[in-house]
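Chemist:
Residue numbers (this note's numbering): 7 to 584.
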């Protein structure tokens, strides 16, 4: 019996898959020769991608513990449909199921093979609601004080102040870093009844954006950047200014009842295997020291952690001011002055443009090729490519279902379109000597971010200033060394400067961990960020080789989606340690 109804095709496959899985029979007939299974906690209590003939084997091996059943097309979500992903036509369906870990959700893409009918090329399985801990939203929201509080007792504010003081108890989870990754995770944990504390060196939530350079705005569209449970207002601009975002973070901490200690420096922690707890040393704003003993520590200091200051020849001899871009604030003080900006990533371009707008004479120094794309149409095209379903929730789930090999193919296709759209922009840059690339495998800016955390620029106007000559450009290969007056070139000429801004990026997260916790912990964990052999991000949003230590980072979309995955693992780890 054949059908062209995608819902019927999907449900028939799900029925057969569920039956074969629960019987422990051979699943190989249900999968394409090239196939991928990505699991987020549901079967593996971890993040894993399995490929090829290992897929049916691994599913069968995990099933006795996972006990997955009841596979069905998800009600109330994007219905099954025919799609074309990376040139492959498939039936794409969002489904739901039950498992030991909790209520599951997933995505399957079915391709038709001669003589075999529709078989799965892609399968995603995730936990949507953790067993025993339904998120306290909607029908599960708390009743507040209506049934529990009595007149004369503590009210909501009293309880919040006591919870945040930690005078007589320790948090279960200590989150180091109060940016979007730390706050998103704290919000998720709060809905799972996990006592979590966020600490940040900045005094107020949002200061990590508020205190950055004056002209900063987000470079991707607001509709991709919602935080968990609390989407941005529909009235907000497409590209959010930093101070507006900072204010939202502060409101988010209040609305989501996140325990937040500002002005607090994490000075390190030691782990006790015997007790299964950390001893974390915190320096408070008043100079006092607190020692807390959380069971889990999450480093949420971002992909960009400690500033990287390269050893540039002669820089110590330069008589002017030197500042890293992370400490740059505002170009107003540099009107009429000469500035050299070292680096041509997003920060370097934005700093140069801000200085130019404030009347400084700016020269940019390029050390390596940079991927440059336009905000519109190219970045807008990338944003639109993510929205593959009518709702952001479904787009997030579909995005999670894409394994690394398909990410690469999709990035190449998208980058090829961007190259055509930005041809005039890039040719103009090349004419003035600016070196561009699209990554070693032509996958563009997004894969550069995922692999190395930088190396690209989304043009909001600085490229035009370089092309017109209003901002100068020099290749580092043509330079000799810094001297007292500025940068001496190979021909003996000197680019004079009053200020050098080092937009030279950041040290690796492993080096940041080394700074926080020492060599032993850093070496035990290993590299952080970039892809591993399965195509998963190394040591991110998942168990690390060191017990009780976790990491979260990334853009808003990653923080929104993976905060849930990480929160579920933390909740389960806490329960298993009891």
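For each residue, glycine too, the CB sits at the ideal point set by N, CA and C.
Please work out which residues of its chain come closer than 7 Å, Cβ to Cβ, to residue 518, disregarding the five sequence neighbours upstream and downstream, and give them in chain order.
Modeler: Translated into positions along the chain shown, residue 518 becomes position 512. Only 307, 311 and 312 meet the Cβ criterion.
Chemist: Would you say residue 485 and residue 356 are within 8 Å of each other, going by their C-beta atoms?
Modeler: Residue mapping note: residue 485 aligns to position 479 of the chain shown, counting from 1. Residue mapping note: residue 356 aligns to position 350 of the chain shown, counting from 1. No, Cβ-Cβ distance for residue 485 and residue 356 is not below 8 Å.
Chemist: Over the uninterrupted beta strand (DSSP E) stretch that includes residue 377, give me the two end residues.
Modeler: Here residue 377 corresponds to residue number 371 of the chain shown, with the count starting at 1. It spans 377–380 - the beta strand (DSSP E) in which residue 377 sits, taken as one unbroken run.
Chemist: Can you check the region 108–184 for any beta strand (DSSP E) of at least 3 residues that lies completely inside it and give the ranges in chain order?
Modeler: If we require 3 residues or more, the beta strand (DSSP E) runs fully inside the region 108–184 come out as 108–119, 123–136 and 179–182.
Chemist: Residues bridged to residue 548 by DSSP?
Modeler: Sequence index remark: in the chain shown, residue 548 carries index 542 (1-based). Per DSSP, none; premise fails for residue 548.
Chemist: Taking the alpha-carbon of residue 332 as reference, which of 45, 214 and 525 has the nearest alpha-carbon?
Modeler: The residue labelled residue 332 in the question sits at position 326 within the chain shown. Out of 45, 214 and 525, 214 has the C-alpha closest to the C-alpha of residue 332.
Chemist: Consult DSSP for residue 486 and reduce its assignment to one of helix, strand or coil.
Modeler: To locate residue 486, count along the chain shown from 1; it is residue 480. If DSSP states are grouped into helix, strand and coil, residue 486 belongs with the strands.
Chemist: Residue 163: which of 263, 187 and 520 sits nearest, CA to CA?
Modeler: If you number the chain shown from 1, residue 163 lands on position 157. Closest option to residue 163, Cα to Cα, is 263.
Chemist: Could you give the first and the last residue of the continuous beta strand (DSSP E) run that contains residue 406?
Modeler: In the chain shown, residue 406 corresponds to position 400, counting from 1. From DSSP, residue 406 is part of no beta strand (DSSP E) but of the alpha helix (DSSP H) over 398–406.
Chemist: Kindly indicate which three-state DSSP category residue 444 falls into: helix, strand or coil?
Modeler: Taking the first residue of the chain shown as 1, we reach residue 444 at position 438. Coil, per DSSP.
Chemist: Would DSSP call residue 43 helix, strand or coil?
Modeler: The residue labelled residue 43 in the question sits at position 37 within the chain shown. Reduced to three states, the DSSP call for residue 43 is strand.
Chemist: Between the Cα of residue 224 and those of 159, 385 and 258, spot the shortest distance and give me the residue it belongs to.
Modeler: Numbered from 1 along the chain shown, position 218 holds the residue referred to as residue 224. Ranking 159, 385 and 258 by Cα distance to residue 224 puts 385 first.
Chemist: I'd like to know whether the C-beta atoms of residue 552 and residue 531 end up nearer to each other than 8 Å.
Modeler: Taking the chain shown and counting its residues from 1, one reaches residue 552 at position 546. Taking the chain shown and counting its residues from 1, one reaches residue 531 at position 525. Going by C-beta atoms, residue 552 is nearer than 8 Å to residue 531.
Chemist: By the 10 Å Cβ neighbour count, where 16 or more other Cβ atoms means buried, how is residue 389 classified, buried or exposed?
Modeler: Against the chain shown, residue 389 aligns to sequence position 383. With 16 or more Cβ atoms within 10 Å of its Cβ, residue 389 is classed as buried.
Chemist: Under a Cβ-count criterion, where at least 16 other Cβ atoms within 10 Å of its own Cβ denotes burial, should residue 576 be classed as buried or exposed?
Modeler: One-based indexing of the chain shown puts residue 576 at position 570. Buried, since its Cβ has 16 or more Cβ neighbours within 10 Å.
Chemist: With residue 509 and residue 453 assumed to form a contact (beta carbons below 8 Å), what rounded beta-carbon distance in angstroms separates them?
Modeler: Translated into the one-based positions of the chain shown, residue 509 becomes position 503. Translated into the one-based positions of the chain shown, residue 453 becomes position 447. Not quite, the Cβ-Cβ distance comes to about 21 Å (not below 8 Å), so this is no contact.
Chemist: Give me, in chain order, the residues of the same chain whose beta-carbon lies closer than 8 Å to that of residue 235; leave out the 5 immediate sequence neighbours on both sides.
Modeler: As a first step, residue 235 must be located in the chain shown, where it is residue number 229. Excluding residues within five positions, the ones whose Cβ falls inside 8 Å are 143, 193, 197 and 262.
Chemist: With a 10 Å radius around its C-beta and 16 neighbouring C-beta atoms as the bar for buried, classify residue 88 as buried or exposed.
Modeler: Along the chain shown, one-based indexing puts residue 88 at 82. Its Cβ having fewer than 16 others within 10 Å, residue 88 is exposed.
Chemist: Which class does residue 220 belong to by DSSP, given the choice of helix, strand or coil?
Modeler: Taking the first residue of the chain shown as 1, we reach residue 220 at position 214. Looking at residue 220 - three-state DSSP - the assignment turns out to be coil, as it is neither helix nor strand.
Chemist: For residue 153, does the count of other Cβ atoms within 10 angstroms reach 16, so buried, or fall short, so exposed?
Modeler: Residue mapping note: residue 153 aligns to position 147 of the chain shown, counting from 1. Caution applies to residue 153, whose pLDDT of 48 falls short of 50 and renders its modelled position unreliable; the model cannot decide the point.
Chemist: Does the beta-carbon distance from residue 328 to residue 117 come in below 8 Å?
Modeler: As a first step, residue 328 must be located in the chain shown, where it is residue number 322. As a first step, residue 117 must be located in the chain shown, where it is residue number 111. Going by C-beta atoms, residue 328 is not nearer than 8 Å to residue 117.
Chemist: Take residue 360 and list the residues in its own chain whose beta-carbon comes closer than 7 Å to its own, dropping the five residues that flank it on each side.
Modeler: Here residue 360 refers to the residue found at position 354 of the chain shown. The answer, listed in chain order, is 219, 220, 221 and 337.
Chemist: Secondary structure at residue 469, three-state DSSP: helix, strand or coil?
Modeler: Translated into positions along the chain shown, residue 469 becomes position 463. Residue 469 falls in the helix class under three-state DSSP.
Chemist: Who does residue 568 pair with in a DSSP beta bridge?
Modeler: Within the chain shown, the letter at position 562 stands for residue 568. Answer is none; residue 568 lacks a bridge partner.
Chemist: CB-CB under 7 Å to residue 9, same chain, minus the five flanking residues each way: which ones, in chain order?
Modeler: Along the chain shown, read from residue 1 onward, the residue named residue 9 stands at position 3. Only 15 meet the Cβ criterion.
Chemist: Under the DSSP definition of a beta bridge, which residues are partnered with residue 265?
Modeler: By one-based count along the chain shown, residue 265 stands at place 259. Looking at the DSSP assignment, residue 265 forms a beta bridge with 203.
Chemist: Please state the DSSP three-state secondary structure of residue 88.
Modeler: Counted from its first residue, the chain shown places residue 88 at position 82. Here residue 88 sits in strand by DSSP.
Chemist: Does the pairing of the region 237–257 with the region 174–183 give three or more beta-carbon distances under 8 Å?
Modeler: No: fewer than three Cβ pairs fall under 8 Å.
Chemist: Residue 557 bridges to which residues according to DSSP?
Modeler: Residue 557 sits at position 551 when you count from the first residue of the chain shown. Residue 557 pairs with 305.
Chemist: In this structure, what does DSSP give as the bridge partners for residue 284?
Modeler: The sequence position of residue 284 within the chain shown is 278, counting from 1. Beta-bridge pairing links residue 284 to 277.
Chemist: Between residue 447 and the rest of its own chain, which residues show a CB-CB distance below 6 Å, the 5 nearest in sequence each way excluded?
Modeler: Against the chain shown, residue 447 aligns to sequence position 441. Nothing meets the Cβ criterion.
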